[in-house]
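Student: Quick mapping for you: the protein sequence lines, in order, are chains A and B. Heads up, the first sequence is in this note's numbering, so the first residue is 1 and it goes up one at a time. Heads up, the second sequence is in this note's numbering, so the first residue is 1 and it goes up one at a time. Don't be surprised by glycine CBs; every beta carbon is placed ideally from N, CA and C. All figures in this text were calculated on a predicted structure; none of them were measured in a lab.
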Amino acid sequence: ILNVEQSPQSLHVQEGDSTNFTCSFPSSNFYALHWYRWETAKSPEALFVMTLNGDEKKKGRISATLNTKEGYSYLYIKGSQPEDSATYLCAFIGGRGSYIPTFGRGTSLIVHP
Amino acid sequence: DSGVTQTPKHLITATGQRVTLRCSPRSGDLSVYWYQQSLDQGLQFLIQYYNGEERAKGNILERFSAQQFPDLHSELNLSSLELGDSALYFCASKPGGAWGETQYFGPGTRLLVL
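1. Classify Phe69/B as buried or exposed, calling it buried when 16 or more other Cβ atoms lie within 10 Å of its own Cβ.
2. So who's on the other strand from Arg22/B, going by DSSP bridges?
3. Going by C-alpha to C-alpha distance, which of Ser79/B, Leu30/B and Arg22/B sits closest to Gln103/B?
4. Counting only beta-carbon atoms, is Ser93/B nearer than 8 angstroms to chain A?
5. Exposed or buried, His10/B, counting other C-beta atoms within 10 Å across all chains shown (16 or more means buried)?
6. Only counting the same chain, and skipping five residues up and downstream in sequence, which positions put a Cβ closer than 6 angstroms to that of Leu114/B?
7. At least one CB of chain A closer than 8 angstroms to the CB of Thr7/B: is that the case?
8. At a cut of 8 angstroms, does the region 29-43 of chain A reach the region 78-88 of chain A through at least three beta carbon pairs?
9. Could you check what DSSP says for Glu83/A in three-state terms: helix, strand or coil?
10. Count the other CB atoms, across all protein chains shown, that sit within 10 Å of the CB of Leu2/A; report buried if there are 16 or more and exposed otherwise.
11. Considering only C-alpha positions, which residue in the set Gly3/B, Gly28/B, Leu83/B and Leu88/B is nearest to Trp34/B?
12. Starting from the C-beta of Leu83/B, find all residues in its chain whose C-beta is less than 7 angstroms away, skip the five residues before and the five after it, and write them out in chain order.
13. Which first and last residues belong to the beta strand (DSSP E) in which Lys58/A is found?
14. Going by DSSP, what residue range makes up the beta strand (DSSP E) through Ile77/A?
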């Protein structure tokens, strides 16, 4: 069983604050890392697909970095807005044999106006 | 709206019964993935189909089976249902079979087993 950890489990910030959270995954047999944004009562929405060590991806105020050698990825949100409130999930794809995704439990972000 | 459709939205059934969940992928997508979201387990990958063939298998119970049809829609069959099978079942699709692409999730089917 592959271990994919996300921290913190939950986060409350004020509107305008910048924030970041971590996804830790096995540092061997890496294939890809996916980040998703999951709002309550909706389905997960893909944010980033990261495949190369040192990758940095950006979408508006959200960016992510990847370090496959040490097994972590950071997700940053600059100037948080209430509409950023959601659970942010990462999924590690790797391992031996056929590649299947292992999801972390997510970081729940609440942005207070 | 991701373009992935799932039916039904909600399903209530009894233990021991059998149900079929349906997924229609986005137009042009050849891969379909099934996931289970339960309170205690988080989001779990069940199975992947690519152009009608099973491509990868995750934590799918033997009581569950899936298939992808020539028109690329997929069905997930759950039999001998137990209380613990109550969960939200998502399907997702993407154009190719590799994990370097974005996948698009459907709205999910919420299954309640009583």
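Tutor: A quick look at the data gives this:
1. exposed
2. Thr7/B and Glu75/B
3. Leu30/B
4. no
5. exposed
6. Ala14
7. no
8. yes
9. helix
10. exposed
11. Leu88/B
12. Thr15 and Val113
13. Glu56 to Lys59
14. Tyr72 to Ile77
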